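A.B. asks: Dumping the structure here so I can ask a few things about it.
There are 2 protein chains.
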Amino acid sequence: MSRAQNFAKLDHQPAYRVVSEKIRHAITSGELATGDLLPTETELAEQFGVTRSTLREAIRLLEHGGLIGRADRKRLVVTLPQTDQIGRSVSSAMLMHKVTFRELWEVAMGLEPLAARLACANASDQEKRELRANWQRSREAVDDHQALLECELEFHNRVAAATHNHALLQARAPLNDLFYPAWGAVIRALSPGERIVVAHRHVLEAIESNNPDQAGLWMQKHMEDFRRGIEIAELGFEQPVTG
Amino acid sequence: MSRAQNFAKLDHQPAYRVVSEKIRHAITSGELATGDLLPTETELAEQFGVTRSTLREAIRLLEHGGLIGRADRKRLVVTLPQTDQIGRSVSSAMLMHKVTFRELWEVAMGLEPLAARLACANASDQEKRELRANWQRSREAVDDHQALLECELEFHNRVAAATHNHALLQARAPLNDLFYPAWGAVIRALSPGERIVVAHRHVLEAIESNNPDQAGLWMQKHMEDFRRGIEIAELGFEQPVTG
DNA sequence: ATTGACCGATTGTCCGACAATATGTCAATA
DNA sequence: TATTGACATATTGTCGGACAATCGGTCAAT
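Line order of the protein sequences matches chains A and B. Counting from 1, position 67 in the first sequence corresponds to residue 67 in the numbering used here; the numbering is continuous, with no gaps. Count along the second sequence starting at 1, add 243, and that's the number in the numbering used here.
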C-alpha cells in the first residue's frame, strides 16, 4: 500500500435523507410537539430548498417510523409512534433473521412473568375487571380452539397493558406478532384448554389479590407449559418462527 | 340512527404504500432473498405500472426499515435489518412516549439477568475471553468516569451478544440507547467504580464457570445498584429519560 | 337543519429532463 | 503486463411543471 494520504471517506448523504433527519430532529428535540400540523409540502420544500418530489421521499422515511401521519388524509401532522406499528418493523426484522421459537420463548420467559408481577402493583380496578371478564370467556371457550387462542392472546396483552409500562409493551410486541400466533398450532394439536384456563385463573387471582410472587410464578409455569406443548406437538422448538 | 345499510369504510391506500407492501411481502415471504439485487428503478416502475417518483417513495418506506439498501450506492439490494437500526426507531418512539427511567429499569431487570443466565450456556470461548479482557480494562479504568462508562456499556452488550439470541438483542436495544447512557451521570456523581467492577467480576466468573444462577443473581444485584445510584444521585427515577 | 353548488388548497400521481456517478470496453502507454 | 486514459452506457438523485381527486369552507336554496 502506498501510504500517501488516507483521506476520510466523504459521505455524500442524499438530500432526502438530510431533510428527513432535520425534520426528525425537530420532532424528537421537542421543537415540534405531538399533534402539531406541519406546513404543506410545497411550503416545506421551499423552506429546505428542494423539490416537492425530494421532500416527499423524506416524508416517507418518517412516515414509516410513525413519527408523522395524516391528520385527515390531507395535512401532515406529528404523531406519536404506535407500539404495534414499531412492533411490526421489529417482527419483520426478526422474521428475516430467522429467529427461532426458542429465542422468542426465552425472551417471553423474561418478560411475561415480569409483566404479571408489575401488573399487581399497577392494574386499575377497571383493568382487573376486564381481565376477569376475559377469563370467564376463556373458560366458556375451553374447547373452541379459535376462540381460546384469541382469549389467550388477549389475556397476555391485558396483563402487559396493566403494567402501564410502555417500554415493556414495546419490548414484548414481537411476542404478540410471532410467538402467540404460532401457539395456535399447539392448541389445535393438543387441546390444552383446561390447563390454560387454570393457569390464567391463578395469574388473575394473584393480580386481584396483589400478590406479585404468585403472579410471576404462575405466569412462569404457564410459559413452561408453552414450551412443553410445542415440543410434544413436535412443532420444531429450534425452527425459525414463520410469519 | 337510520339503520339503512352500514357500508364498510373503503380504505383507499395510496399507490406508494401498496407497492411498498408488495415488495415487503416478496422479501419476507422469501421470494427475494437477502443479498439479491433488485431491478432498476425504471424497470420496477414499469412492472408495477407506476412512475419512478411513486416507486421511489415506496422504496423510501422500505429503506427506513432496513429491508433494502444500496449495494454500491447504485443498485438496490435486499438487506438484513440491523439490530441497531431497528433499535433506533424503537428508542425514538420511547423518547416521544416519555418513557421513565423506572420503566426502562423494570425491563432491564427482566432482560439483563436473563441475558447473563443464557450467556452461561451459549458463550463461546472467544466471547468469554473478550468479556474478561473487558473486565480487565474496567478494573484499570475504575476512576476514569468516561472510560468506565464505555466499559460498562460494552460489558452488557457483550453479555447479551453471548446469548446468541437475536430476539433478546432486539428487545434490549433501547436499553443501550437510553438507559445506560444516562447511567453515565450516576458514575460522574457517585464514582461507584469499585462496586461496578466487583459486580462485573462475579457475573464474568459465573459465566466462565457455567453457573447460570450465580450469573443471573449478580446481574440482578448489579441492576439494583443502578436503581439505588439513580435515586441517591437524585436524577429523577420517575422522570422521562432524555435522548 | 339539510342539501347542493362552488372555490381554493393540498395531496397523489404522472411526465420529461439533466447532472453526477458507477460500469464496462478498448486503445495507448510505460 | 499492468496501468492509464478516453469514451459510451446505465442508473440514480434531483429538478420543474402538470393535472385529477379530494378535503374544507362558504354561501345560497330548500
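Just so you know, even glycine gets a beta-carbon here, dropped at the ideal spot from N, CA and C. The model shown is predicted, which means the values in this text are computed figures rather than measured ones.
Starting from HIS266 of chain A, find everything on chain B with Cβ-Cβ shorter than 7 angstroms and list it in chain order.
C.D. replies: What the structure shows of chain A is the stretch from 1 to 243, and residue 266 of chain A is not part of that stretch, so it cannot be assessed.
A.B. asks: So within the stretch 11-85 of chain A, which uninterrupted beta strand (DSSP E) runs reach at least 3 residues, ignoring any that extend past its ends?
C.D. replies: The qualifying runs are 68-70 and 76-78.
A.B. asks: Do you know offhand how far ALA432 of chain B's Cα is from ALA476 of chain B's?
C.D. replies: In the second sequence, counting from the first residue as 1, residue 432 of chain B sits at position 189. In the second sequence, counting from the first residue as 1, residue 476 of chain B sits at position 233. Going by the C-alpha atoms only, they are around 6 angstroms apart.
A.B. asks: Would you mind giving the Cβ-Cβ distance between LEU392 of chain B and VAL385 of chain B, rounded to the nearest angstrom? I have them listed as a contact below 8 angstroms.
C.D. replies: Counted from its first residue, the second sequence places residue 392 of chain B at position 149. Counted from its first residue, the second sequence places residue 385 of chain B at position 142. Actually they do not touch by this definition, with Cβ atoms about 12 angstroms apart.
A.B. asks: Please report the straight-line C-alpha distance between GLY243 of chain A and GLY278 of chain B, rounded to a whole angstrom.
C.D. replies: The sequence position of residue 243 of chain A within the first sequence is 243, counting from 1. The sequence position of residue 278 of chain B within the second sequence is 35, counting from 1. When rounded, the distance between both Cα atoms is 20 angstroms.
A.B. asks: Could you round the C-beta distance between PHE237 of chain A and ARG70 of chain A to whole angstroms and report it? I think they count as a contact, below 8 angstroms.
C.D. replies: For the purposes of this step, residue 237 of chain A is taken as residue 237 along the first sequence, with counting starting at 1. For the purposes of this step, residue 70 of chain A is taken as residue 70 along the first sequence, with counting starting at 1. That belief does not hold up - the Cβ atoms of PHE237 of chain A and ARG70 of chain A are roughly 43 angstroms apart, past 8 angstroms.
A.B. asks: Would DSSP call PRO483 of chain B helix, strand or coil?
C.D. replies: On the second sequence, position 240 is the one that residue 483 of chain B refers to. Strand at PRO483 of chain B.
A.B. asks: If you drop the 5 nearest sequence neighbours on each side, which residues of the same chain put their C-beta closer than 8 angstroms to that of PHE422 of chain B?
C.D. replies: As a working mapping, residue 422 of chain B is identified with position 179 in the second sequence. Within the same chain, PHE422 of chain B has close Cβ partners PHE344, LEU347, TRP348, ALA351 and VAL484.
A.B. asks: Under 8 angstroms between beta-carbons, which chain B residues line up against GLU103 of chain A? List them in chain order, please.
C.D. replies: By 1-based counting over the first sequence, the position of residue 103 of chain A is 103. ASN408, HIS409, ALA410 and LEU411, listed in chain order.
A.B. asks: Residues of chain B with CB under 7 angstroms from ARG56 of chain A, in chain order?
C.D. replies: Counting from one through the first sequence, the residue named residue 56 of chain A turns up at place 56. The answer, in chain order, is GLU300.
A.B. asks: Note down, in chain order, all residues in the stretch 210-241 of chain A with a beta-carbon under 7 angstroms from any beta-carbon belonging to chain B.
C.D. replies: Per Cβ criterion, the list is empty.
A.B. asks: THR406 of chain B bridges to which residues according to DSSP?
C.D. replies: Numbered from its first residue, the second sequence carries residue 406 of chain B at position 163. DSSP lists no partner for THR406 of chain B.
A.B. asks: Using a cut-off of 8 angstroms between C-beta atoms, extract the partners of GLU16 of chain A located in chain B.
C.D. replies: Sequence index remark: in the first sequence, residue 16 of chain A carries index 16 (1-based). First, the amino acid is wrong: residue 16 of chain A is Tyr here, not Glu. Result: ARG303.
A.B. asks: Cα separation between THR283 of chain B and ARG60 of chain A?
C.D. replies: For this step, residue 283 of chain B is matched to residue 40 along the second sequence. For this step, residue 60 of chain A is matched to residue 60 along the first sequence. Between THR283 of chain B and ARG60 of chain A, the C-alpha separation is close to 20 angstroms.
A.B. asks: As a quick exercise: from A:ASP125, A:GLY216, A:CYS151 and A:ASP225, pick the residue whose alpha carbon is nearest that of GLY176 of chain A.
C.D. replies: Indexing the first sequence from 1 puts residue 176 of chain A at position 176. Inspection of the sequence shows that residue 176 of chain A is occupied by Asn rather than by Gly. Ranking the options by Cα distance to ASN176 of chain A, first place goes to A:CYS151.
A.B. asks: Roughly how many whole angstroms lie between the Cα atoms of GLU231 of chain A and GLY292 of chain B?
C.D. replies: Along the first sequence, one-based indexing puts residue 231 of chain A at 231. Along the second sequence, one-based indexing puts residue 292 of chain B at 49. Answer to the nearest angstrom: the Cα atoms are 47 angstroms apart.
A.B. asks: Are ALA58 of chain A and ARG52 of chain A close, meaning C-beta to C-beta below 8 angstroms?
C.D. replies: Counted from its first residue, the first sequence places residue 58 of chain A at position 58. Counted from its first residue, the first sequence places residue 52 of chain A at position 52. It is not a contact, given that the beta carbons lie outside the stated cut-off.
A.B. asks: Do ALA115 of chain A and VAL77 of chain A count as a contact pair if the criterion is CB distance below 8 angstroms?
C.D. replies: Here residue 77 of chain A refers to the residue found at position 77 of the first sequence. Here residue 115 of chain A refers to the residue found at position 115 of the first sequence. No; because the gap between Cβ atoms is not below 8 angstroms, this pair is not in contact.
A.B. asks: CB-CB under 8 angstroms to LEU235 of chain A, same chain, minus the five flanking residues each way: which ones, in chain order?
C.D. replies: As a working mapping, residue 235 of chain A is identified with position 235 in the first sequence. Counting only Cβ-Cβ distances below 8 angstroms, and skipping sequence neighbours, we find PHE101, ALA182, ALA185, VAL186 and ALA189.
A.B. asks: Where do the N-terminal and C-terminal ends of the alpha helix (DSSP H) with ARG228 of chain A fall, by residue?
C.D. replies: Within the first sequence, residue 228 of chain A is the residue found at index 228, counting from 1. Looking at the DSSP string, the run of the alpha helix (DSSP H) that includes ARG228 of chain A is 212-232.
A.B. asks: Between the C-alpha atoms of HIS268 of chain B and VAL440 of chain B, what's the straight-line distance to the nearest angstrom?
C.D. replies: Taking the first residue of the second sequence as 1, we reach residue 268 of chain B at position 25. Taking the first residue of the second sequence as 1, we reach residue 440 of chain B at position 197. Going by the C-alpha atoms only, they are around 47 angstroms apart.
A.B. asks: For the structure I just gave you, are there three or more beta carbon pairs, one from the stretch 446-460 of chain B and one from the stretch 353-371 of chain B, closer than 8 angstroms?
C.D. replies: Counting Cβ pairs under 8 angstroms, three or more are found: they touch.
A.B. asks: Starting from GLY243 of chain A, find everything on chain B with Cβ-Cβ shorter than 7 angstroms and list it in chain order.
C.D. replies: Reading the first sequence from its first residue, position 243 is the one you call residue 243 of chain A. Per Cβ cutoff of 7 angstroms: THR271.
A.B. asks: When Cβ atoms are compared, which residues of the stretch 116-130 of chain A fall closer than 7 angstroms to chain B?
C.D. replies: Going along the stretch 116-130 of chain A in chain order, one finds LEU118 with a Cβ nearer than 7 angstroms to chain B.
A.B. asks: Along chain A, in chain order, which residues have C-beta atoms closer than 8 angstroms to that of VAL333 of chain B?
C.D. replies: Position 90 of the second sequence, counting from 1, holds the residue named residue 333 of chain B. Under the 8 angstroms cutoff, chain A gives ILE86, VAL90 and GLN170.
A.B. asks: Starting from the Cα of LEU169 of chain A, find the closest Cα among B:ILE329, B:ILE311 and B:VAL333 and give me that residue.
C.D. replies: Counting from 1 along the first sequence, the entry for residue 169 of chain A is found at position 169. Selected option, being the one with the closest Cα: B:VAL333.
A.B. asks: Work out the CA separation of ALA167 of chain A and LEU460 of chain B for me, nearest whole Å.
C.D. replies: Reading the second sequence from its first residue, position 217 is the one you call residue 460 of chain B. Reading the first sequence from its first residue, position 167 is the one you call residue 167 of chain A. Taking the straight line joining both Cα atoms gives about 23 angstroms.
A.B. asks: Take the Cβ of PRO192 of chain A as the centre, count every other Cβ of all protein chains shown within 10 Å, and call the residue buried at 16 or more, exposed below.
C.D. replies: Your numbering for residue 192 of chain A matches position 192 in the first sequence. Result: buried.
A.B. asks: Using CA atoms only, rank isn't needed, just tell me which of A:ASP225, A:GLU63, A:ASP72 and A:ILE23 is closest to ASP254 of chain B.
C.D. replies: Here residue 254 of chain B corresponds to residue number 11 of the second sequence, with the count starting at 1. Closest option to ASP254 of chain B, Cα to Cα, is A:ASP72.
A.B. asks: Below 8 angstroms on C-beta distance, what does THR225 of chain B contact in chain A?
C.D. replies: In the structure as shown, chain B begins at 244 and stops at 486. Residue 225 of chain B is therefore absent and cannot be evaluated.
A.B. asks: Using the beta-carbon of each residue, which ones in chain A are nearer than 8 angstroms to LEU281 of chain B?
C.D. replies: Here residue 281 of chain B corresponds to residue number 38 of the second sequence, with the count starting at 1. In chain order: nothing, as chain A lies at least about 15 angstroms away.
A.B. asks: Nearest CA to the CA of LEU67 of chain A: which residue from B:MET337, B:PRO324 and B:TRP378?
C.D. replies: Start at 1 with the first residue of the first sequence, and residue 67 of chain A comes out as number 67. Out of B:MET337, B:PRO324 and B:TRP378, B:MET337 has the C-alpha closest to the C-alpha of LEU67 of chain A.
A.B. asks: Mind pulling the chain B residues with CB within less than 9 angstroms of PRO181 of chain A?
C.D. replies: Numbered from 1 along the first sequence, position 181 holds the residue referred to as residue 181 of chain A. By Cβ distance, chain B contributes nothing, its closest Cβ being about 15 angstroms from PRO181 of chain A, past 9 angstroms.
A.B. asks: Pull up the distance between the alpha-carbon of GLU208 of chain A and that of THR163 of chain A, whole angstroms please.
C.D. replies: Here residue 208 of chain A is taken as the residue at index 208 of the first sequence, counted from 1. Here residue 163 of chain A is taken as the residue at index 163 of the first sequence, counted from 1. Computed Cα separation, rounded: 13 angstroms.
A.B. asks: With a threshold of 7 angstroms, establish whether the CB of ARG137 of chain A neighbours any heavy atom of the ligand MN.
C.D. replies: Looking for the ligand MN in the displayed structure turns up nothing, as the structure carries no ligands at all.
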